[in-house]
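Everything below concerns the one structure shown next.
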Amino acid sequence: MVKVITDENKIKEFLNSRYIEAVFPSKERVVEILMSGNKLSFYLGIDPTSPSLHLGHSIPLLLLKQLGKLGHKIILLIGDFTAQIGDPTDKEATRKALTANEVKQNMKTYVTQAERILNEVGFEVKYNSKWLAKMNLGDVIELASKVTVQQMIARDMFQERIKNERPIYVHEFLYPLMQGYDSVAMKIDGEVGGNDQTFNMMVGRDLEKALLNKEKLVFTTRLLVDASTGKKISKSEGGMIAVNDSTEDVFGKTMHSILDEMIKTVFELCTEVPQSWIDERDKVRQNGENPKIFKEELAYELVRMYHGEKAAEKAKENFEKVFSQGQLPDEIQEFKINGAMTIVNVLQVSGMVVSASEAKRLIDQKAIEVNGKTVSDWGTRVEIGSTIKIGSHRFLKTR
RNA sequence: GGGGGUGUACUCAAGCAGUCAACGAGGGCAGACUGUAAAUCUGCUGGCCUUGUGCCUACGUAGGUGCAAAUCCUACCGCCCCCA
Numbered sequence: 171m172v173k174v175i176t177d178e179n180k181i182k183e184f185l186n187s188r189y190i191e192a193v194f195p196s197k198e199r200v201v202e203i204l205m206s207g208n209k210l211s212f213y214l215g216i217d218p219t220s221p222s223l224h225l226g227h228s229i230p231l232l233l234l235k236q237l238g239k240l241g242h243k244i245i246l247l248i249g250d251f252t253a254q255i256g257d258p259t260d261k262e263a264t265r266k267a268l269t270a271n272e273v274k275q276n277m278k279t280y281v282t283q284a285e286r287i288l289n290e291v292g293f294e295v296k297y298n299s300k301w302l303a304k305m306n307l308g309d310v311i312e313l314a315s316k317v318t319v320q321q322m323i324a325r326d327m328f329q330e331r332i333k334n335e336r337p338i339y340v341h342e343f344l345y346p347l348m349q350g351y352d353s354v355a356m357k358i359d360g361e362v363g364g365n366d367q368t369f370n371m372m373v374g375r376d377l378e379k380a381l382l383n384k385e386k387l388v389f390t391t392r393l394l395v396d397a398s399t400g401k402k403i404s405k406s407e408g409g410m411i412a413v414n415d416s417t418e419d420v421f422g423k424t425m426h427s428i429l430d431e432m433i434k435t436v437f438e439l440c441t442e443v444p445q446s447w448i449d450e451r452d453k454v455r456q457n458g459e460n461p462k463i464f465k466e467e468l469a470y471e472l473v474r475m476y477h478g479e480k481a482a483e484k485a486k487e488n489f490e491k492v493f494s495q496g497q498l499p500d501e502i503q504e505f506k507i508n509g510a511m512t513i514v515n516v517l518q519v520s521g522m523v524v525s526a527s528e529a530k531r532l533i534d535q536k537a538i539e540v541n542g543k544t545v546s547d548w549g550t551r552v553e554i555g556s557t558i559k560i561g562s563h564r565f566l567k568t569r
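Residue numbers for the first sequence follow this note's numbering, so the first one is 171 and each next one is one higher.
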């Protein structure tokens with residue numbers, strides 16, 4: 171059993187963690203409670219709305235890990251019920267409701283993904299359908315009586331929607347209540363979440379006080395945006411790096427989608443590398459070092475965290491080889507063909523493109539190479555044992 | 001319940017009978033340039049093939065008018081606003 175740490179310096183150090191944006195009700199109060207020596211429980215709730223955890227999720231996970239290291243009990247709450255409702259946070263449109271099946275599919279790998287980050291500390295997994303699915307209308311109304319409509323519509327994204335004449339559904343109002351009720355159901359001592367979750371987390375704090383007369387602490391983490399420009403960290407949603415991406419993908423996506431100005435922030439928020447090292451490296455970069463080097467260090471670190479040292483080493487080598495030197499990667503996806511076929515056919519049948527038209531377009535755009543030669547004719551035949559390059563970084567080998 | 005508005009490709013958004021597979025923007029893809037960056041420039045962005053002033057499918061859904069419909073009519077469905 172891990173002993174609860176009550177060393178004031180360590181607790182203050184924790185509160186100054188670079189992951190933290192704010193704590194509620196106040197730093198002083200949090201110190202007081204953490205110093206009590208009681209083993210407390212903290213949780214992070216994640217709705218399985220997509221099949222993978224990405225860089226953004228890793229921030230509260232890392233913070234949760236620190237709480238675990240202080241000797242407290244940590245819980246990963248899978249919002250299997252809430253995922254079906256949809257958190258209206260930061261969305262200008264109502265989220266498409268997920269079916270129970272989609273949710274189930276999505277959460278399959280959540281725990282193993284979270285493990286990659288929480289590895290050193292033990293954690294418990296809970297599912298909020300356990301209590302939310304059981305509530306009856308009376309319970310819901312009781313809960314709803316604790317929050318006013320004014321409080322709800324005061325939230326910016328609801329204001330946005332009203333302004334843009336977009337619909338707001340009643341069930342979306344219910345979302346914060348449900349998330350708040352999670353705290354009550356678990357009689358939780360504290361919650362960790364991105365700062366966009368502040369409202370939802372505070373509803374939980376209010377509910378816990380009202381229904382259990384218990385004080386809940388709230389830790390909000392910084393978000394992955396550039397503080398000075400407010401720009402998103404990656405150039406696109408699609409480029410979001412996922413914990414269960416392949417090692418090549420984690421490395422490649424990092425190199426490809428993290429803007430230079432963001433490298434430092436991602437290091438700070440998504441890794442556990444000492445601050446002094448980050449500052450030092452950032453300084454060197456600012457003094458003119460090719461930012462590619464710093465970025466490669468980030469890519470390496472992320473792969474190392476998720477997949478281990480060896481994988482990181484390999485991913486780096488592979489990257490150097492394929493992109494810096496323009497060689498072929500070690501492992502190329504293979505596709506079996508029965509004798510020579512036209513290039514368009516191979517691309518389509520292998521699923522590398524969705525239609526023959528797309529294949530033809532790519533050929534017209536000089537994006538297809540077979541055995542190192544750019545293909546210009548749709549009818550070009552591909553023999554068994556050929557290596558096809560599609561665009562800048564996709565490869566296929568026929569066999 | 002009454003009145004007004006609206007529904008277009010991944011998203012936003014023009015079009016309001018033929019020249020519409022549908023302007024523009026964003027996103028995505030590809031090419032040039034690079035550091036697989038960013039910025040910039042260029043092209044592409046429904047499907048099929050026999051690549052054509054070709055065929056099929058698509059402008060909420062179902063019908064209708066007409067040589068011809070995303071565009072007009074009818075019904076239905078959804079959404080927004082105002083009044084009650």
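In this text, a Cβ means the ideal position worked out from N, Cα and C, and glycines have one as well.
- Buried is the label assigned to H477, since at least 16 other Cβ atoms lie within 10 Å of its Cβ.
- Annotated three-state conformation of I216 is strand, per DSSP.
- E361: member of the beta strand (DSSP E) spanning G360 to G364, first to last residue.
- Within the same chain, and ignoring the five residues on either side of H224 in sequence, the residues whose Cβ sits closer than 8 angstroms to its Cβ are M410, I411, A412 and V413.
- Secondary structure at M205: coil, using DSSP grouped into helix, strand and coil.
- CA-CA distance, K480 to S315, rounds to 55 angstroms.
- Beta bridge pairing from DSSP links H477 with no other residue.
- Nearest to Q254 by alpha-carbon distance, out of E272, L237, I244 and L240, is E272.
- Here DSSP, grouped into helix, strand and coil, assigns R455 to helix.
- According to the DSSP assignment, K333 belongs to the alpha helix (DSSP H) that extends over D326 to K333.
- Contact annotation, I248 with M277: C-beta distance approximately 5 angstroms; criterion of less than 8 angstroms satisfied.
- The beta-carbon distance between L439 and R392, rounded to whole angstroms, is 6 angstroms. This is short enough to meet the 8 angstroms contact definition.
- Between R375 and F194, the C-beta gap is smaller than 8 angstroms, which places the two residues in contact.
- Apart from the 5 residues on each side of it in sequence, S228 sits with its Cβ closer than 6 angstroms to the Cβ of I287 and C440 in its chain, given in chain order.
- In summary, Y339 is exposed, with fewer than 16 beta-carbon neighbours lying within 10 Å of its beta-carbon over all protein chains present.
- In its chain, beyond the 5 residues on either side, Y470, V473 and R474 have a beta carbon closer than 6 angstroms to the beta carbon of A482.
- Secondary-structure assignment with DSSP links E539 through a beta bridge to T544 and K559.
- Within the model, the alpha-carbon separation for E285 versus Q497 is close to 35 angstroms.
- As DSSP reads the structure, T282 sits in no beta bridge.
- In the structure shown, the three-state DSSP call for E294 is strand.
- Under a 10 Å Cβ-count criterion, I463 is classified as exposed, with fewer than 16 other Cβ atoms of the shown protein chains found around its own Cβ.
- C-alpha of W301 to C-alpha of S353: approximately 11 angstroms in a straight line.
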